[in-house]
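A.B. asks:
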Amino acid sequence: MTTFTDPYASSQETTEGRVYSVTGGDWDSLVTEIGATKEERVVLNMGPQHPSTHGVLRLILELEGETVTETRCGIGYLHTGIEKNTEFRNWTQGVTFVTRMDYLSPIFNETAYCLGVEKLLGITNDVTERATVIRVMMMEFNRISSHMVALGTGALELGALSPMIFAFREREKVLDVFEMISGLRMNMAYVRPGGVAQDLPQGALAKIRETVKELRHNFKDNEKLLIGNSIWIKRTQGIGYLDLAGCTTLGITGPVLRSTGLAWDLRKAQPYCGYEDYQFDIPTTDTCDVYGRFLIRMQELEQSLRIIEQCVTKLEKLEGQPVMVADKKIAWPSQLSIGADGMGNSLNHIREIMGESMEALIHHFKLVTEGFRVPAGQVYTSIESPRGELGVHLVSDGGTRPYRVHFRDPSFNNLQSTAVMCEGGQIADVIAAVASIDPVMGGVDR
Amino acid sequence: MSKDGMFGAKGSGDTSGFGGLVNATTVIGSTQRPFGGYFDQVADDLERAYPLFSDAIEKVVVDRGELTLFIKRDRLFDVAKILRDQLKFEMCVGVSGAHYPDENDRELHAVYSLLSITRNQRIRLEVCVSEKDSHVPSLVEVWAGTNWHERETYDMFGIIFDNHPGLTRILMPDDWPGHPQRKDYPLGGIEIEYKGATIPAPSQRRSYK
Amino acid sequence: MGLVVGLEEKLPSGFLLTTVEKLAGYMRKNSLWPATFGLACCAIEMMAAGAGRYDLARFGMEVFRASPRQADLMIVAGRVSNKMAPVVRKIYDQMAAPKWTIAMGACASSGGMFNNYAIVQGVDHIIPVDIYLPGCPPRPEMLMDAILKLHEQIGNEKLGPNREKIIKEVEAAALAAKPTHQLKGLLA
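Written out as structure tokens, the structure reads:
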């Protein structure tokens, strides 16, 4: 690599001494050159493209043999400028942007944003109960599908290949439910300010009950494979230690915080969307390690199923209620249905706005072209996403467009703890620690 | 003598009349005591623990069930330490930035959201600085999690945090010029190409606020 | 496999006639190994395509090679930011020829819904793309359809002087082509 000029890899003098980049070339000549300087420090770049780094995360590790002495995270490889983009769209269109931030939990992004908009509008209590219960049910299904990806990819990165197939098999069942209710498997833009986009279709409740039964039966596959597995235990117990003091100063929430023994969950502590009416537990462990976080995620799956069952019972009683807020100046106007050429406005709705009600036509026109106006002010709402506290800081200046939308993504904070968790351990433990944090780079970089 | 009437297209071809609309923006003013809820207790505790409290607070706003304390930037570090140690706000959930180009000499705001787990309380601190002198003391020594948040606020808004252990760009490439989320930074899209025509980028389109 | 019509019936059974190009194409298309290049949401759908229900293993493609040196196919799944762009180019250069690219999703094909300062408006600004796959995100079945279309394309690729002739023709056509916004008169 120093015998010819490679545009990607040539040795150069820096303030730290001579730096050699290795991207191929003769190993012997590299070793003799480094050996001449008696330097033992190796800086390893687990670059943005790596099968085990959970997305485009760049880990810069300083190694001494197999031990990691220093870790730094390079992020920003997925920065999309979503927050600035929302300033050029109206409040309802913001949902489609915001849903693509943390792409494994789109419903959580949408719900946090919509709760913030509703708080600014002052209609938090006017959102119908049916819409709230549907939001809770979709959020818990999303929690299951997100944890399935976390478990599957975490296991894959540590070398266990079957849990990934099992996890994605269960995830497909949840995605079927999503598709039935909202039309899309991912990035649905289903939760809108004021309620949800459309009501549950016929037969949805029966399918949900069936899915819950299947999931409860099939979660045992992964449990039997991993929980008592001695290889899994050896690779995850005692790894990635981060105690309560570390978590609070770094602002870490979610399964990582609950693995320290503190049962802090926003669904119980600062309930939103009617969570105070549901019965569920907060799983915690007190080992502060990767194995504890893994157990928490597995137990949260069962708790989510409990909540979904309670949602289904409630939805049966709320049959026929609208799913959008009553104020026609805010409620998304169109009723969607499947027609001969795909999904679009239902014919009843068209008949109403074109033939029967002038106000309905005006509302539809103004809401779709201009959007509703939100009174000025700023608000911070937060919900419990599968990774921790997902917070939204919304600033409105009284217009139809957001003035500033900032997402406090849980993975952004959680990822700061990689250095604390990994330094002093082995390289293989870095992978386990990052997998237990479960970062989603779309949320980290926004 | 010009014969222009009220109607007709001038310049941009916009005949709707909405192009000349000027929207007045409202600014939320200061709230008087009592604040309601646990905000009074927080304000009282802060006054008791920090005798120079009234000097450090510029404005207190209680709006939509949330408390915002506007702090002078040179007192920010002391107030933060007291909030963490005496008032038990153990966690700083995030640092956000905002750019208000209309407020002269107070354009850049840094917003800190704090959470107290022991008391289950949330408040917000806001610091306003001018674009010409956008230095704010760093709170990394108080809450270590603000490290990356302050880097992001620097990257996106240009607020410089003094005594930050490593203030570099975090989301944009390291040598990127400008601070993207400021209001005077363009969105930077390209024209959308169709067969036979182009449509301007989203930020260049005619729109009515 | 190609046939020279009629001749094979006259030969004793057990013989198939074909051309070198078709044989090479057949071998290449049935053992494409993708490189792991999942960036954002489309990566999750790509993983779902490789998982149990929509199974890429039936096309011989379930081994996503981590090292670009061992991969033939780069499925750019997700939005490419300006910071990531040099990395995409570096990975593409590290792949050994023959190599193909699928731009999966709207963001990789054209920048998608993110028409702003941070996203490269289409990964074909950086690397040559063979198949563009729309969708946000495209379903795993759409990804498999794109892969099958790519298989057809690969199966019909020419070798040697035929290939060079085609490359020259395509390049000349591209240089002489009118840009899209000047193609008037096609809509009405």
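Residue numbers (the working numbering), protein chains in the order written: chain A, 5 to 450; chain B, 150 to 358; chain C, 5 to 192.
Heads up, the beta-carbon is just placed ideally off N, CA and C, and yes, glycines get one too.
The model shown is predicted, which means the values in this text are computed figures rather than measured ones.
1. In chain order, what residues of the same chain have a beta carbon less than 7 Å from the beta carbon of V448 of chain A, not counting five sequence neighbours either side?
2. So with Cβ pairs under 9 Å, would you call I348 of chain B a contact of chain A?
3. Interface residues of chain B around L193 of chain C at Cβ under 7 Å?
4. Taking only the alpha-carbon atoms, compute the straight-line gap between G324 of chain A and G189 of chain C and give it to the nearest angstrom.
5. Anything in the region 215–247 of chain B with a Cβ closer than 8 Å to a Cβ of chain A? List those residues in chain order, please.
6. Below 6 Å CB to CB, which residues in the same chain sit around G258 of chain A once its five sequence neighbours on both sides are set aside?
7. Inspect the beta-carbon positions of R450 of chain A and R93 of chain A and report whether they are closer than 9 Å.
8. Should E256 of chain B be flagged as near chain C, meaning a C-beta pair shorter than 9 Å?
9. From T103 of chain A to A116 of chain A, what does the alpha carbon distance come to, in whole angstroms?
10. Using 10 angstroms around the beta-carbon of T75 of chain A, count the other beta-carbons present and answer buried if the total reaches 16, otherwise exposed.
11. Can you tell me whether F8 of chain A is buried or exposed, with buried defined as 16 or more other CB within 10 angstroms of its CB?
12. Does the Cβ of M5 of chain A have 16 or more other Cβ atoms within 10 Å, making it buried, or fewer, making it exposed?
13. Where M150 of chain B and I348 of chain B are concerned, what is the direct C-alpha to C-alpha distance, given to the nearest angstrom?
14. Tell me whether P110 of chain A is buried or exposed, calling it buried when 16 or more other Cβ atoms sit within 10 Å of its Cβ.
15. Measure from the alpha carbon of G265 of chain A to the alpha carbon of each residue in A:R139, A:D293 and A:E360, then state which is nearest.
16. So which residues on chain C does E342 of chain B lean against when the C-beta distance must stay under 8 Å?
17. Report the start-end ranges of each alpha helix (DSSP H) in the region 126–161 of chain A that is 4 residues or longer and not cut off at the edges.
18. Roughly how far, in whole angstroms, is the beta-carbon of S440 of chain A from the beta-carbon of R297 of chain A, given that I think they are within contact range, below 8 Å?
19. So, do the region 137–148 of chain C and the region 158–172 of chain C have three or more beta carbon pairs nearer to each other than 8 Å?
20. Taking only beta-carbon atoms, is G189 of chain C less than 9 Å away from chain E?
21. If we ignore side chains and look at the alpha-carbon of each, how far apart do V60 of chain A and G446 of chain A end up?
22. Using the Cβ count rule (16 or more neighbours within 10 Å means buried), how would you classify R62 of chain A?
23. If you count every other CB in all the chains shown that lies within 10 Å of the CB of R134 of chain A, and 16 or more means buried, which is it?
24. Judging by CA-CA distance, which residue of A:S386, A:P379 and A:V316 is the nearest neighbour of Y276 of chain A?
25. Pick helix, strand or coil for D323 of chain B, following the three-state DSSP scheme.
26. How is the beta strand (DSSP E) around I348 of chain B delimited, first residue to last?
27. For Y121 of chain C, go through chain B and note every residue whose CB falls closer than 7 Å to its CB, in chain order.
28. Could you give the C-beta distance for S72 of chain A and I300 of chain A, rounded to a whole number, given that I count them as a contact under 8 Å?
29. Within the region 298–370 of chain A, note down every full alpha helix (DSSP H) run reaching 4 residues or more, in order along the chain.
30. Rounding to the nearest angstrom, what Cα-Cα distance links F310 of chain B and W104 of chain C in this structure?
31. Go ahead and pull the three-state DSSP assignment for N253 of chain B.
32. Interface residues of chain A around D212 of chain B at Cβ under 7 Å?
33. Using CA coordinates, which residue listed in A:L124, A:F411, A:K321 and A:I311 is at the minimum distance from V140 of chain A?
34. Taking Cβ to Cβ, would you say I359 of chain B is nearer than 9 Å to T252 of chain A?
35. Could you name the residues of chain A that L320 of chain B contacts, counting a contact when the two beta carbons are closer than 8 Å?
36. Nearest by alpha-carbon distance to D290 of chain A: which of A:Y245, A:M168 and A:I357 is it?
C.D. replies: Looking at the coordinates:
1. For the purposes of this step, residue 448 of chain A is identified with residue 444 of the first sequence, where counting begins at 1. So the list reads I79, D413, S415, F416 and L419, once near-sequence residues are dropped.
2. As a working note, residue 348 of chain B is residue 199 in the second sequence. Cβ-Cβ to chain A under 9 Å: no for I348 of chain B.
3. A question about residue 193 of chain C goes unanswered here, because the residues of chain C that appear run from 5 up to 192.
4. Here residue 324 of chain A refers to the residue found at position 320 when the first sequence is read from its first residue. Here residue 189 of chain C refers to the residue found at position 185 when the third sequence is read from its first residue. Answer to the nearest angstrom: the Cα atoms are 51 Å apart.
5. E215, T217, E239, M240, C241, V242, G243, S245, G246 and A247
6. Against the first sequence, residue 258 of chain A aligns to sequence position 254. Correct list, in chain order: R391, G392 and P414.
7. The sequence position of residue 450 of chain A within the first sequence is 446, counting from 1. The sequence position of residue 93 of chain A within the first sequence is 89, counting from 1. It is not a contact, given that the beta carbons lie outside the stated cut-off.
8. On the second sequence, residue 256 of chain B is found 107 positions in, with the first residue counted as 1. False, the Cβ-Cβ gap to chain C never drops below 9 Å.
9. Taking the first sequence and counting its residues from 1, one reaches residue 103 of chain A at position 99. Taking the first sequence and counting its residues from 1, one reaches residue 116 of chain A at position 112. Each residue's alpha carbon lies about 10 Å from the other.
10. To locate residue 75 of chain A, count along the first sequence from 1; it is residue 71. T75 of chain A is buried by the Cβ-count criterion.
11. Locating residue 8 of chain A in the first sequence gives position 4, counting from the first residue. Because F8 of chain A sits at a pLDDT of 47, beneath the cut-off of 50, its placement in the model cannot be relied upon, and the following sentence gives the value as read from the coordinates. Classification for F8 of chain A: exposed.
12. Residue numbering aside, residue 5 of chain A sits at position 1 when the first sequence is read from its first letter. Note that M5 of chain A scores 37 on pLDDT, short of 50, meaning its location in the model is unreliable; the coordinates nonetheless yield the value given after this. Looking at its Cβ environment, which holds 16 or more other Cβ atoms inside 10 Å, M5 of chain A is buried.
13. In the second sequence, the residue the question calls residue 150 of chain B occupies position 1. In the second sequence, the residue the question calls residue 348 of chain B occupies position 199. Here M150 of chain B scores only 45 on pLDDT, less than 50, and its place in the model is too uncertain to base an answer on.
14. Working through the first sequence from its first residue, we reach residue 110 of chain A at position 106. That one is buried.
15. One-based indexing of the first sequence puts residue 265 of chain A at position 261. Closest by alpha carbon: A:D293.
16. On the second sequence, residue 342 of chain B is found 193 positions in, with the first residue counted as 1. Ordered by position in chain C, the residues that pass the 8 Å Cβ test against E342 of chain B are P183, T184 and H185.
17. 133–161
18. Against the first sequence, residue 440 of chain A aligns to sequence position 436. Against the first sequence, residue 297 of chain A aligns to sequence position 293. The pair is a contact, with the Cβ atoms about 4 Å apart (cut-off 8 Å).
19. no
20. The chain inventory of the structure shown lacks chain E, comprising the protein chains A, B and C.
21. Here residue 60 of chain A refers to the residue found at position 56 of the first sequence. Here residue 446 of chain A refers to the residue found at position 442 of the first sequence. Straight-line Cα distance between these residues: approximately 9 Å.
22. The count along the first sequence starts at 1 and reaches residue 62 of chain A at position 58. R62 of chain A should be labelled buried.
23. Within the first sequence, the letter at position 130 stands for residue 134 of chain A. Classification for R134 of chain A: buried.
24. Against the first sequence, residue 276 of chain A aligns to sequence position 272. Comparing Cα positions, the closest option is A:S386.
25. Residue numbering aside, residue 323 of chain B sits at position 174 when the second sequence is read from its first letter. Coil at D323 of chain B, not helix or strand.
26. On the second sequence, residue 348 of chain B is found 199 positions in, with the first residue counted as 1. Residues A346 to I348.
27. Walking along the third sequence from the start, residue 121 of chain C turns up at place 117. Result: P329, L336 and G337.
28. Taking the first residue of the first sequence as position 1, residue 72 of chain A is located at position 68. Taking the first residue of the first sequence as position 1, residue 300 of chain A is located at position 296. For the sequence presented, residue 72 of chain A should be read as Val rather than Ser. With a Cβ gap of about 25 Å, V72 of chain A and I300 of chain A do not count as contacting.
29. 351–355
30. One-based indexing of the second sequence puts residue 310 of chain B at position 161. One-based indexing of the third sequence puts residue 104 of chain C at position 100. Using only the alpha carbons, I get a separation of about 46 Å.
31. Looking up residue 253 of chain B in the second sequence gives position 104. Reduced to three states, the DSSP call for N253 of chain B is coil.
32. Your numbering for residue 212 of chain B matches position 63 in the second sequence. Within chain A, the residues near D212 of chain B are G381.
33. Here residue 140 of chain A refers to the residue found at position 136 of the first sequence. The shortest Cα separation from V140 of chain A among A:L124, A:F411, A:K321 and A:I311 belongs to A:I311.
34. This structure leaves residue 359 of chain B out entirely; chain B is present only between 150 and 358.
35. In the second sequence, counting from the first residue as 1, residue 320 of chain B sits at position 171. Near L320 of chain B (Cβ distances below 8 Å), the residues of chain A are I79, G80, H83, D449 and R450.
36. Here residue 290 of chain A corresponds to residue number 286 of the first sequence, with the count starting at 1. Nearest C-alpha to D290 of chain A: A:Y245.
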